[in-house]
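If you're matching positions, the sequence shown starts at 1 in the UniProt record's numbering and goes up one per residue.
Positions of the beta carbon are idealized from the N, C-alpha and C atoms, including for glycine.
Bear in mind the structure is a predicted one, so any value in this text is a computation, not a measurement.
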Amino acid sequence: MTTPTGRGLLHLAAAVDQPDTYEADPYIALTRLAERGALDFVTLGDSFGRPGPDALAVLSRVAPATGRIGLVPTVTTTHTEPFHVQAAVATLDWVSRGRAGWRPEVSATEEEARLLGRRDAAPAADLWREAGEVADVAARLWDSWEDDAEIRDVATGRFVDRDKLHHVDFRGSTFSVRGPSIVPRPPQGHPVTVVDTTEPHAYDVAARHADVALVGAAGPAQAAAARAGLRRRAAEYGRDPDTLRVLAALRVDLGGGEHAAEPGHGGGGPLPSDLGPLYRGGPVDFADLITAWHRAHAVDGFHLTPVEPRRDLERLVNGTVPLLQHRGLFRTFYPGSTFREHLGLARPANQYAALAGDPS
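This is how it looks when you write it as structure tokens:
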């Protein structure tokens, strides 16, 4: 689906992080609000270095309380078993009926390493190399069951066709996995991989493995350069760059009224901050900013982190989104049921089934 400018519709996502919140209901409420605005997905952060509930477990609870929106927990790939990581993400895809994603993250501090006691801290470059290997083996394990591997033949007592299960026999720099997975192939084939490129060492992981890459940019020219660079690097890895969605990551404070809230913001921002580019202004100004970036072909959409979660997400959904819909830049309903369909991405072919069907 294209906009009046001839470009694809915008993709919008929001973080639903709520510090010091341990009950499920506030996360459900924010995700339902984002779903009411037809946002592509929500994210929930996680880390070994801070207190809080497990993001993947929280969104597994949110899944049955929602119906369309994508669900993307942060999953730390350091100190965890890749086999268990992929099985948990695949399970979220089953629980949500094809709406799961995951955002790989690394754990680089010695303090976090001591929490688990499995190994010492390592340089960020090594940890992101490992994260890329985890993303690689996760895709292989998701493919280790062919789509029709389950036969459930009561008469013969056969649950699965063993010829349609595959060993991945993967050996990385810090782990090895044989497989197959213990979870059947997820509804989406591969749950959506989202990579935040704020950390420079994550850049190659995004170019090689991500379906969605998040970039911090304080202006459309900077965002466009980041998008072009990621697409170019993806092509160098043999990927079709059109299978990569690049979203600008912005913090948003929509409580500032309909004006340029501070000198230098230029209609609301964004301006650099310690936590990344920040927009401060009102929902109408923000719709104008998004429209301008879209018309400049800067990015495929935006990932937004509200400064005040409930207030700012309400103003986004009730103020900014209707304006974007009126301008023909954003969907008014979900045309499909899976996260990949929201992003306009095809369900990946099973790499092992393709090999098995190749007569050569």
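Can you list, in chain order, the residues of its chain with a C-beta nearer than 7 Å to that of residue i? Leave out the 5 residues immediately preceding and following it.
i, result
"L115", "F48"
"A218", "P270, L271, P272 and P277"
"residue 394", "This structure cannot settle anything about residue 394, because the visible part of the chain is limited to 1 through 360."
"T109", "G49 and A121"
"A210", "T193, V194, V195 and L244"
Between which two residues does the alpha helix (DSSP H) carrying residue i extend?
i, result
"F286", "P283 to R295"
"E23", "It is not in any alpha helix (DSSP H) - E23 carries neither H nor E in the DSSP assignment."
"G321", "According to the sequence provided, residue 321 is Val. The question's Gly does not apply to it. Its alpha helix (DSSP H) spans residues V321 to H326."
"T91", "P82 to V95"
"G132", "A124 to W142"
"R280", "No alpha helix (DSSP H) holds R280; the beta strand (DSSP E) holding it covers L278 to R280."
"E150", "Looking at the DSSP string, E150 is not in any alpha helix (DSSP H); the run it does join, the beta strand (DSSP E), is E150 to D153."
"residue 368", "Look at the range of the chain in this structure, 1 to 360, and you will see that residue 368 is not part of it."
"A346", "Looking at the DSSP string, A346 is not in any alpha helix (DSSP H), and its letter there is neither H nor E."
"L316", "Premise fails: L316 is in no alpha helix (DSSP H) and is neither H nor E."
"E112", "E110 to L116"
"S60", "A55 to V62"
Going along the chain, which residues of its own chain have a beta-carbon closer than 6 Å to the beta-carbon of residue i, five neighbours each way excluded?
i, result
"T174", "E130"
"G319", "P283"
"D196", "L214"
"R233", "A207"
"G266", "The predicted position of G266 is uncertain, since its pLDDT is 46 and thus under 50; a value taken from the coordinates is nonetheless stated next. Hits under 6 Å: none found."
"A15", "T43 and T305"
"Q351", "D143"
"A139", "H190"
"D253", "R280 and V307"
For residue i, name the three-state secondary structure that DSSP assigns.
i, result
"T43", "strand"
"residue 364", "The displayed coordinates of the chain run from 1 to 360. Any statement about residue 364 would go beyond what the structure contains."
"A217", "coil"
"H11", "strand"
"A261", "Its pLDDT being 45, under 50, A261 is placed unreliably by the model, and nothing is read from it."
"L329", "coil"
"G6", "Because G6 carries a pLDDT of 45, less than 50, the predicted location of this residue cannot be relied on, and the following value inherits that uncertainty. Note: G6 maps to coil in three-state DSSP."
"I182", "coil"
"Y334", "coil"
"D17", "coil"
"P187", "coil"
"H79", "coil"
"E35", "helix"
"Y352", "helix"
"R311", "helix"
"E199", "coil"
"A29", "helix"
"D204", "helix"
"A121", "coil"
"P51", "coil"
Rounded to whole angstroms, how far is the Cβ of residue i from the Cβ of residue j, which I believe are closer than 8 Å?
i, j, result
"V42", "A34", "5 Å"
"R103", "V72", "5 Å"
"P220", "A149", "47 Å between Cβ atoms; not a contact."
"G98", "S337", "6 Å"
"V85", "V134", "6 Å"
"L141", "T78", "About 18 Å separates the two Cβ atoms, so there is no contact after all."
"R119", "A125", "Not a contact, Cβ separation roughly 16 Å."
Which residues share a DSSP beta bridge with residue i?
i, result
"T193", "W102"
"S176", "R171"
"P306", "V252"
"H209", "DSSP, once it has assigned bridges, lists no residue as partnering H209."
"V246", "A213"
"L271", "L278"
"L165", "W145"
"G301", "H11 and L247"
What residue range does the beta strand (DSSP E) around residue i cover?
i, result
"R158", "R158 to V160"
"F72", "The amino acid occupying residue 72 in the given sequence is Val; Phe does not appear at that position. Segment G70 to T76, the beta strand (DSSP E) holding V72."
Near residue i, what residues of its chain come up, given a Cβ to Cβ distance below 8 Å and the 5 sequence neighbours on each side ignored?
i, result
"T332", "A38 and Q325"
"D46", "G52, D54, A55, L56, P73, T74, V75, T76 and E105"
"D300", "G8, L10, H11, R227, R245, V246 and L247"
"I151", "R158, F159, V160 and D161"
Tell me whether residue i counts as near the ligand FMN, meaning its Cβ is closer than 8 Å to at least one heavy atom of that ligand.
i, result
"R32", "Summarising the ligand content, the structure contains no ligands, and the ligand FMN is consequently not present."
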